[in-house]
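Heads up, the thing below is written out as structure tokens.
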Amino acid sequence: MALFTGKGDKGTTKLFDSPPGVRVSKSSPIFECLGQLDELNTLVGWCRMAAPKDFLVVGKEIERLLFEVQQHLFTVQAEVAGAPKSLSDKNVEEVSALINTIEKELPEIKTFLVPGGTEFSARLDIARAVSRRAERRLVTLQESGERAVSEASRAWANRLSSLFYALGRLVNHRAGIAEQPPRYD
Numbered sequence: 013m014a015l016f017t018g019k020g021d022k023g024t025t026k027l028f029d030s031p032p033g034v035r036v037s038k039s040s041p042i043f044e045c046l047g048q049l050d051e052l053n054t055l056v057g058w059c060r061m062a063a064p065k066d067f068l069v070v071g072k073e074i075e076r077l078l079f080e081v082q083q084h085l086f087t088v089q090a091e092v093a094g095a096p097k098s099l100s101d102k103n104v105e106e107v108s109a110l111i112n113t114i115e116k117e118l119p120e121i122k123t124f125l126v127p128g129g130t131e132f133s134a135r136l137d138i139a140r141a142v143s144r145r146a147e148r149r150l151v152t153l154q155e156s157g158e159r160a161v162s163e164a165s166r167a168w169a170n171r172l173s174s175l176f177y178a179l180g181r182l183v184n185h186r187a188g189i190a191e192q193p194p195r196y197d
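Numbered according to the working numbering, the sequence shown terminates at residue 197, and the numbering increases by one at each position without gaps.
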């Protein structure tokens, strides 16, 4: 397969479900959403490369957990691109349970927290912010009527930023780094 065909040079491309000969403008909300999901997937890969090899989350290596997140992101991307794929309610339940389990290990939060701590937690903070942007693009796409995105995929995307937030806090907590609230000065 060639790295490029030149067919998109005029600002159009095809989707999985494009009828023969029909091309879609790259300015479509579909491609904005796909771009945000791709950016997030790449960022999760960057986080994964910084993951400590012996860091376990609910008995699973964090690197493996982040790889599974990437696999789910590919499924959401395929759905957005028109493939007959989507995440399931089970995927939403699993990530929800994971967040709840992580939260039990952490001190209660009563305020916003300043991002940072370790380099790894800072990367997870960036992933959290980008995942929120990707989720907003999923919602925008759904509301545009240009593409329906399953309720389960949208719910999973909503949980994803919470997962990154919980993971970042967990990394700092286990490293003994005190959480810092903003001073608002």
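By construction, the Cβ of each residue, glycine as well, lies at the ideal position given by its N, Cα and C atoms.
Given a threshold of 16 other Cβ atoms within 10 Å of its Cβ, counted over all protein chains shown, does residue i qualify as buried or as exposed?
i: Ala93; result: buried
i: Asn103; result: buried
i: Glu58; result: Sequence inspection shows Trp at residue 58; the Glu mentioned does not correspond to that position. When all chains shown are included, Trp58 counts as exposed.
i: Gln83; result: exposed
i: Leu15; result: exposed
i: Arg149; result: buried
i: Ser133; result: buried
i: Ala160; result: exposed
i: Tyr177; result: buried
i: Phe43; result: buried
i: Ser165; result: buried
i: Arg140; result: buried
Is the CB-CB distance between residue i and residue j below 8 Å?
i: Arg171; j: Leu118; result: no
i: Ile111; j: Leu55; result: no
i: Glu75; j: Ala63; result: yes
Report back the beta-carbon spacing between residue i and residue j to the nearest angstrom; my notes put them in contact at under 8 Å.
i: Val88; j: Leu49; result: 6 Å
i: Thr130; j: Ile189; result: 7 Å
i: Ile114; j: Leu68; result: Rounded, the Cβ-Cβ distance is 11 Å, inconsistent with contact.
i: Ser37; j: Thr17; result: So it is not a contact: roughly 17 Å between Cβ atoms.
i: Ser173; j: Ser143; result: 4 Å
Tell me which residue opens and which closes the alpha helix (DSSP H) that residue i is part of.
i: Gly57; result: Pro41 to Ala62
i: Leu182; result: Glu163 to Arg186
**Q.** Contiguous alpha helix (DSSP H) assignments of at least 4 residues, all confined to the segment 81–121
**A.** Qualifying alpha helix (DSSP H) stretches, in chain order: 101–116.
Q) Fully enclosed by the segment 129–159, which beta strand (DSSP E) runs are 3 residues long or longer? A) Residue ranges of uninterrupted beta strand (DSSP E) with 3 or more members are absent from the segment 129–159; none lies entirely inside it.
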